[in-house]
Amino acid sequence: MLKVEVDRTQCQNFGQCVVEAPNVFRLNSRDEMEYTPDVEDAELDNVEAAVDVCPMQAISLALGR
Amino acid sequence: MSPPVVIVGASLGGLRSAEALRRCGYAGPITVFGDEPHAPYNRPPLSKDVLGGEVTHAAVAFPQRAATSDVEWRLGTRIRSADLEQRSIRTTDGEEVRYRALVVATGLRPKRLSPRTATLAGAFALRTLDDAAALRNALHPGVQVVIAGSGFVGCEVAATARQLGCEVTVVGSAELPMLGPLGSALAEDVMRRHVERGVRFRMGTHVAEALGQEAVEGVRLADGSEVACQVLVEAIGSLHNTEWLDGNDVNAAQGLRTDSAMRVLRADGSSWRDVFAVGDVARFPNAIYGDEPASIEHWNIPTETAKRASRILALQLAEDPRLDAAIAERFAPVPSFWSDQYDMSLLAYGLPALADRVELLAGKAGGDCVYGYFVGDRMVGVCGIGMRSEVLKHRDEVSRYGHVPIGEPAR
């Protein structure tokens, strides 16, 4: 499993992460970013791409257990 | 042991190139040269929140990934020249370094008004962390600041300086700030937001010269009028850092020309097999905009071009039979930019600057809103204040392959 964390003090809901990893990140009806913190290893490439493109560099990723 | 893959430039493009080489399976040596003393860091906050707060490397540093822990970082080392035939580069100290493949990621530097302002006290340009730290030290409450240039950097610095209590005047050659990338409706809105907070604008003119012998005392504009200031910020565009490649068979006019695999082109249009360019320094063809190479100076492009170049390079170094297919794949990174000024957070996809028609798609002018930018009936850009889902909805539409001529480099 992967552990995804978002620094909410940085996040500005740009939604670039949603483009790269739609299974992990989404914008809700109020345009706030929501995400799944625990994700399958298969999402690694997508989540790393989301980490890369976040304009606020607010996403971090830990390789779990 | 074979010589390393050498990456020249230790900012976003250089970092992403090294990371992507590892991710694509290249396990050999990588050496990255950077002329700044700092490990890779993120530049956009330098005109925004970091400039308004504490300018430290920790505030903007990119995290180092485990996969790149064995990369050799030669920071504080400038490259003076290269010999692409001999596959070698030379540092300003005279050290020669041979490479197996070269990735050019030397980016841009700010244009200056004149050689004099480059050394005049009180005159600043903003590109590096050290630039930002120096500027931050000068932005005290009550200080008069003139900003030459009304693009992204100029407007963001204006907002930050105003919030720090400075008296700010923006001088721009267009009718409105950020007019090129935003179109007149949004540009008017941006200007209104600044004016409401007390920023003054002198538009349709430019700074002709800085006044003051020892330190900046003011500026003279092209119309002959003078504006007093103690701080002058030059945000009038940038130049590509390619001089170190002079004397080689490359085309470096307005950026280093590459093919769609990010391989640097010779004058005759053929590709160097072992020389790549990524990031702001590269002028590459984007399948969204046809075959004409262009330099797109938006923040997401270094990452996209680095991933493309490194994938091709890794396949090539591994003599992988999938190389030709990878080179033939279309490369069509969707440009994206954002800007924060006061409480306004703006996000765009595509290249609104190409448009000949702008249309309000959603929301209300002056508040949260989304504009579409069109060439004929084709949407080439979308830009919104807030309303992220609505902006995102149009991302696919602005990124279809086509032949919208790209014209002048964006931004």
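Note that the protein sequences, when read in sequence, are chains A and B.
Every number in this note's numbering is 258 more than the matching position in the first sequence, counting from 1.
Every number in this note's numbering is 15 more than the matching position in the second sequence, counting from 1.
By construction, the Cβ of each residue, glycine as well, lies at the ideal position given by its N, Cα and C atoms.
In this text the structure is predicted, and so the values were computed from the model without any measurement.
Please classify residue i: does DSSP put it in a helix, a strand, or coil?
i        : result
B:Met218 : strand
B:Gly49  : strand
B:Thr184 : strand
A:Lys325 : Absent from the model: residue 325 of chain A. The displayed extent of chain A is 259 to 323, so no value can be given.
B:Ala176 : helix
B:Pro125 : strand
B:Ser286 : strand
A:Arg323 : Reliability fails at A:Arg323, whose pLDDT of 46 lies under 50, so the model's placement of it is uncertain and no value is given.
B:Leu407 : helix
B:Asp108 : coil
B:Leu144 : helix
B:Arg207 : helix
B:Arg426 : Note that B:Arg426 scores 40 on pLDDT, short of 50, meaning its location in the model is unreliable; the coordinates nonetheless yield the value given after this. DSSP places B:Arg426 in coil when its eight states are reduced to three.
B:Trp259 : helix
A:Phe283 : strand
B:Ser414 : coil
A:Glu292 : strand
B:Val395 : strand
B:Glu224 : strand
A:Gln268 : coil
B:Arg345 : coil
B:Ser17  : coil
B:Ile251 : coil
B:Ala202 : helix
B:Asp98  : strand
A:Cys275 : helix
B:Arg326 : helix
So which residues of chain A does residue i contact, with C-beta pairs closer than 9 Å?
i        : result
B:Met394 : Correct list: empty, because the minimum Cβ distance to chain A is about 17 Å.
Which residues in chain A sit within 7 Å of residue i, going by Cβ to Cβ distance?
i        : result
B:Leu362 : Phe272
B:Trp353 : Phe272 and Pro313
List, in chain order, every chain B residue whose beta-carbon is nearer than 7 Å to that of residue i.
i        : result
A:Leu260 : Neighbours of A:Leu260 on chain B: none; closest Cβ ~14 Å, over 7 Å.
A:Val282 : Neighbours of A:Val282 on chain B: none; closest Cβ ~15 Å, over 7 Å.
CB-CB under 6 Å to residue i, same chain, minus the five flanking residues each way: which ones, in chain order?
i        : result
A:Asn304 : Glu278 and Ala279
B:Gly49  : Ala25 and Leu90
B:Ala35  : Ala321, Lys322 and Ser325
A:Asp265 : Ala316
B:His444 : No information on residue 444 of chain B is available, as it lies outside the stretch 16 to 426 that chain B covers here.
B:Val205 : Pro192 and Met193
B:Ala174 : Gln356 and Tyr357
B:Gly387 : Glu374, Leu376, Met394 and Val397
B:Asp411 : none
B:Asn315 : Ser351
B:Arg93  : Asp50 and Thr107
B:Pro2   : Residue numbering for chain B in the displayed model covers 16 to 426; residue 2 of chain B lies beyond these limits and cannot be assessed.
B:Trp88  : Val47
List the residues of chain B whose Cβ lies closer than 8 Å to the Cβ of residue i, in chain order.
i        : result
A:Val276 : Leu407
A:Asp265 : Per Cβ cutoff of 8 Å: no residues; A:Asp265 is ~12 Å from chain B at best.
A:Asp299 : Near A:Asp299 there are no residues of chain B at all, since even the closest Cβ is about 15 Å away, more than 8 Å.
Return the residue from the list the options that minimises the CA-CA distance to residue i.
i        : options                                   : result
B:Arg288 : B:Ala276, B:Ile251 and B:Ala136           : B:Ala276
B:Gly67  : B:Ala148, B:Arg207, B:Asn301 and B:Thr257 : B:Ala148
B:Arg393 : B:Lys408, B:Val290, B:Val373 and B:Ala42  : B:Val373
A:Val262 : A:Met314, A:Glu290 and A:Val309           : A:Val309
B:Tyr364 : B:Val397, B:Gly213 and B:Pro18            : B:Val397
B:Asp108 : B:Tyr114, B:Val118, B:Val119 and B:Arg95  : B:Arg95
B:Ala202 : B:Gly166, B:Arg217 and B:Glu224           : B:Gly166
B:Phe216 : B:Gly164, B:Gly157 and B:Ala380           : B:Gly164
B:Gly378 : B:Arg403, B:Asp295, B:Thr132 and B:Leu260 : B:Arg403
B:Val183 : B:Leu27, B:Ala200, B:Pro156 and B:Glu190  : B:Pro156
B:Glu344 : B:Ile327, B:Met359, B:Ser360 and B:Leu332 : B:Ile327
B:Pro59  : A:Met314, A:Arg284 and A:Tyr293           : A:Met314
B:Leu254 : B:Gly169, B:Gly122, B:Ala82 and B:Arg208  : B:Gly122
Quick one: residues in its chain with C-beta nearer than 8 Å to the C-beta of residue i, no 5 flanking neighbours on either side, listed in chain order?
i        : result
A:Leu260 : Asp296, Val297, Glu298, Asp299, Glu301, Leu302, Val305, Leu319, Ala320, Leu321 and Gly322
B:Val406 : Leu362, Ala363, Tyr364, Val385, Val397, Cys398 and Gly399
B:Leu236 : Val186, Arg217, Thr220, His221, Val222, Ala223 and Val242
A:Val311 : Gln274, Cys275, Val277 and Glu278
Run down chain A in chain order and give the residues with a C-beta less than 8 Å from the C-beta of residue i.
i        : result
B:Arg410 : Val277
Which residues in chain B sit within 9 Å of residue i, going by Cβ to Cβ distance?
i        : result
A:Asp289 : Gly401, Met402, Arg403, Ser404 and Glu405
Enumerate in chain order the residues of its own chain whose CB-to-CB distance from residue i is below 7 Å, with the five nearest sequence positions on each side excluded.
i        : result
B:Ala428 : Examination of residue 428 of chain B is not possible in this model, given that chain B is present from 16 through 426 alone.
B:Gly198 : Pro367, Ala370, Val373, Tyr386 and Tyr388
Closest Cβ-Cβ distance between residue i and chain C: below 7 Å?
i        : result
A:Leu285 : The structure shown contains no chain C; its protein chains are A and B.
With 7 Å as the C-beta to C-beta threshold (strictly closer), list the residues of the region 314-346 of chain B near chain A in chain order.
Using a CB distance below 7 Å, the part of the region 314-346 of chain B facing chain A consists of Trp314, Asn315 and Thr318, ordered along the chain.
Could you run through the region 63-86 of chain B and flag, in chain order, every residue whose CB is less than 8 Å away from some CB of chain A?
Listed by position, the residues of the region 63-86 of chain B near chain A (Cβ gap below 8 Å) are Phe77 and Pro78.
Output, in sequence order along the chain, the residues in the region 45-64 of chain B whose CB is closer than 8 Å to any CB in chain A.
Close to chain A, meaning a Cβ-Cβ distance shorter than 8 Å, are the following residues of the region 45-64 of chain B: Asn57 and Pro59.
If contact means a Cβ-Cβ distance below 8 Å, which residues of the region 175-201 of chain B contact chain A?
The region 175-201 of chain B vs chain A, Cβ under 8 Å: nothing.
Return the residues of the region 26-42 of chain B that lie within a Cβ-Cβ distance of less than 9 Å from chain A, sorted by chain order.
Taken in chain order, the members of the region 26-42 of chain B whose beta-carbon sits within less than 9 Å of a beta-carbon on chain A are Arg31, Glu34 and Arg38.
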